[in-house]
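Worksheet for the structure shown next.
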RNA sequence: GGCGGUAUCGUCUAGGGGACUAGGACACGGCCCUCUCAAGGCUGGAACACGGGUUCGAAUCCCGUUACCGCUACCA
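Numbering (this note's numbering), first residue to last: 32 to 519.
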């Protein structure tokens with residue numbers, strides 16, 4: 032490839048489902064390549080299978096890529112809109128003698144295939160229609176006999192230097208004369224892809240390695256069409272925890288699933304990038320711009336990788352602390368609103384408080400959903416006392432009520448609502464009550480009183496974020512709850 | 001079956017002839033920190049699929065075997 036050529040890469044999904052994590056990763060590597068070396072990243076929707084393609088899937092692909100931040104250049108290309116050109120290209124091959132008409136019917140073909148299988152022989156089209164004499168062909172065409180167009184596979188070997196695998200070679204004798212145009216004159220996949228990739232002036236075809244065996248056929252088509260060959264890079268597949276190709280039964284496989292699970296797009300991208308690529312040192316957690324900087328096709332893996340949701344979660348936790356509070360806020364607010372905990376206006380009204388709260392919560396959260404869960408007691412006065420927390424920290428209910436009463440008294444006396452003073456006063460109280468330096472005996476029951484939960488940020492941070500009024504009210508509320516007859 | 005691809009801890013990977021008693025990360029266990037949970041720090045167990053070559057020397061190169069994956073449609 033001459034260095035003067037501007038790289039043009041494309042991501043070409045079929046809109047037959049949702050944007051799969053494997054597809055997203057393919058898109059990511061294409062995108063990274065373009066961002067790293069310059070060039071254009073194009074999107075082509077391969078919607079020629081009308082039976083399976085849906086507009087909804089197309090939208091899911093756009094939404095998924097947009098959420099991930101993988102923006103594409105130029106207008107989206109819809110393969111279905113190029114049928115005429117595909118056909119014209121196939122007919123050019125017929126005209127230049129590299130393809131021929133085949134009058135064999137599907138039924139005949141199926142029969143011969145079955146017969147070959149019965150004899151334990153591998154079936155390959157025997158080229159009988161290529162031996163028809165021209166007069167006979169003309170007669171059949173004139174008679175309106177239906178035909179497909181087959182590509183005549185030449186002698187020799189077809190090979191290419193794959194960007195991730197190196198040299199790959201296929202003996203042409205193993206490839207049959209494949210159909211490029213159906214009886215109804217619509218193109219077969221390989222024909223459509225090559226026609227489009229040429230028209231889009233694609234210089235590097237980077238796709239899943241399930242296309243490796245399509246590649247020699249496509250290369251022959253390029254040559255027969257007199258087009259310049261692009262480079263090829265075949266990326267490994269993604270498998271599920273059981274080592275099988277990732278599919279629905281492995282749980283969430285659509286990018287949108289992770290979006291709704293509270294995963295950050297940056298974390299998703301980072302995780303996906305590491306599945307099949309490594310920067311070569313021990314760097315793992317990267318922001319998108321770092322990935323671009325570090326990206327190189329040399330680091331691309333040949334081996335299929337297994338999708339491990341545990342590591343994705345960990346990665347998300349890392350990105351939660353990596354991104355700024357402001358950016359995180361943009362992601363959390365919609366989730367908070369959706370959970371019915373607050374409104375955008377309310378949050379905007381106390382943005383600084385919200386930012387401070389986020390800083391406290393994000394350390395112990397792995398997903399945005401975790402944050403929402405933990406944020407609940409800071410938004411809702413309707414405290415739901417966690418049964419386990421009550422059982423553990425409020426064992427002796429009357430004694431706890433009394434303890435909380437003392438805590439409230441102590442806190443109420445504080446001249447300033449300030450952490451150092453709280454801690455000093457509460458530790459002194461622990462001392463007085465005979466807990467010695469085991470101030471946790473106060474902190475823990477108090478945590479349950481304030482949040483209803485056994486887990487929260489540091490107790491003084493909780494008190495601070497809640498403020499004096501709400502904190503004291505919460506203690507009263509807890510004391511009342513403790514006095515009420517237990518209704519488990 | 002034919003053809004093609006792949007093969008380092010359970011998982012993601014570093015490694016591209018000597019620096020390897022094979023490094024990092026996730027997960028798992030222990031310890032520290034500590035008001036809970038996280039985070040963080042320290043730490044433990046855990047791998048070169050097998051067999052032949054080549055070489056003074058192989059996780060690294062070559063050849064077989066095995067296993068897994070993909071393709072083998074008038075699907076994409």
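We put the beta carbon where it would ideally sit given N, CA and C, even for glycine.
Per DSSP, residue i is paired with what?
i           : result
residue 327 : Paired residue(s): none; residue 327 is not in a bridge.
residue 71  : 39
residue 308 : 331
residue 384 : Answer is none; residue 384 lacks a bridge partner.
residue 218 : 212
residue 336 : 269
residue 130 : 182
Rounding to the nearest angstrom, what Cα-Cα distance links residue i and residue j in this structure?
i           : j           : result
residue 180 : residue 151 : 28 Å
residue 375 : residue 369 : 10 Å
residue 350 : residue 289 : 14 Å
residue 286 : residue 56  : 10 Å
residue 336 : residue 215 : 40 Å
residue 220 : residue 134 : 20 Å
residue 193 : residue 282 : 33 Å
residue 123 : residue 322 : 43 Å
residue 505 : residue 409 : 11 Å
residue 470 : residue 456 : 11 Å
residue 67  : residue 320 : 10 Å
residue 224 : residue 318 : 33 Å
residue 397 : residue 329 : 32 Å
residue 228 : residue 90  : 23 Å
residue 510 : residue 277 : 52 Å
residue 155 : residue 338 : 37 Å
residue 178 : residue 136 : 8 Å
residue 119 : residue 81  : 20 Å
residue 198 : residue 243 : 12 Å
residue 432 : residue 491 : 20 Å
residue 145 : residue 348 : 55 Å
residue 415 : residue 495 : 20 Å
residue 353 : residue 326 : 20 Å
residue 32  : residue 252 : A caution first: residue 32 carries a pLDDT of 47, below 50, which makes its placement in the model too unreliable to give a value.
residue 452 : residue 480 : 20 Å
residue 209 : residue 186 : 14 Å
residue 95  : residue 159 : 48 Å
residue 367 : residue 411 : 11 Å
residue 153 : residue 147 : 6 Å
residue 315 : residue 259 : 38 Å
residue 280 : residue 345 : 23 Å
residue 230 : residue 333 : 29 Å
residue 75  : residue 196 : 25 Å
How about residue i: is its Cβ closer than 7 Å to a heavy atom in the ligand NAD?
i           : result
residue 132 : Of the ligands one can find in the structure shown there are none, so the ligand NAD has no counterpart to examine.
What distance in whole Å lies between the Cβ atoms of residue j and residue i, which are believed to be in contact at a cut-off of 8 Å?
i           : j           : result
residue 222 : residue 298 : Going by Cβ atoms, the distance from residue 222 to residue 298 rounds to 40 Å, so no, they are not a contact pair.
residue 232 : residue 41  : That belief does not hold up - the Cβ atoms of residue 232 and residue 41 are roughly 10 Å apart, past 8 Å.
residue 292 : residue 161 : About 55 Å separates the two Cβ atoms, so there is no contact after all.
residue 189 : residue 36  : Wrong, their Cβ atoms sit about 23 Å apart, outside the cutoff.
residue 77  : residue 110 : 5 Å
residue 405 : residue 386 : No, residue 405 and residue 386 are not in contact; Cβ-Cβ is about 15 Å, not under 8 Å.
residue 217 : residue 114 : 7 Å
residue 92  : residue 132 : Contact flag wrong, Cβ pair sits at about 37 Å.
residue 182 : residue 130 : 5 Å
residue 104 : residue 71  : 4 Å
residue 503 : residue 444 : Their Cβ separation, rounded to whole angstroms, is 11 Å, which puts residue 503 and residue 444 out of contact at 8 Å.
residue 425 : residue 476 : 6 Å
residue 343 : residue 308 : Going by Cβ atoms, the distance from residue 343 to residue 308 rounds to 15 Å, so no, they are not a contact pair.
- Query: On the three-pair Cβ rule with 8 Å, is the region 258-268 touching the region 230-246?
  - Reply: Contact between the region 258-268 and the region 230-246 is present, with at least three C-beta pairs closer than 8 Å.
- Do the region 52-67 and the region 292-306 touch if we need at least three Cβ pairs shorter than 8 Å? Taking 8 Å as the limit for Cβ pairs, the verdict is that the region 292-306 does touch the region 52-67.
- Message: Quick check: the region 419-437 against the region 480-494, are at least 3 beta-carbon pairs closer than 8 Å?
- Response: Cβ pair count under 8 Å is three or more, so yes.
- Which runs of the alpha helix (DSSP H), 4 residues or longer, sit entirely within the region 47-110? For the region 47-110, the continuous alpha helix (DSSP H) assignments of 4+ residues that do not extend past its boundaries occur at 52-68, 86-99, in sequence order.
- Query: Where are the beta strand (DSSP E) runs, 3 residues long or more, that stay fully inside the region 134-222, in chain order?
  - Reply: Runs of the beta strand (DSSP E) inside the region 134-222: 179-182, 188-193, 197-202, 210-212.
- Message: To test your reading of the DSSP string, which unbroken beta strand (DSSP E) runs of 3 or more residues are found completely within the region 211-284?
- Response: The beta strand (DSSP E) runs of length 3 or more contained entirely in the region 211-284 are, from start to end of the chain, 235-239, 262-266.
- Message: For the structure I just gave you, are there three or more beta carbon pairs, one from the region 240-252 and one from the region 199-207, closer than 8 Å?
- Response: In this structure the region 240-252 touches the region 199-207; the number of beta carbon pairs closer than 8 Å is three or more.
- Message: For the structure I just gave you, are there three or more beta carbon pairs, one from the region 93-109 and one from the region 58-72, closer than 8 Å?
- Response: Yes: at least three Cβ pairs fall under 8 Å.
- Message: For the structure I just gave you, are there three or more beta carbon pairs, one from the region 496-516 and one from the region 459-468, closer than 8 Å?
- Response: Segments in contact, no.
- Could I get the ranges of all uninterrupted alpha helix (DSSP H) runs contained in the region 425-503, with 4 residues as the minimum, in chain order? Taking only runs of at least 4 residues, the alpha helix (DSSP H) segments lying wholly in the region 425-503 are 428-443, 450-463, 471-482, 490-497.
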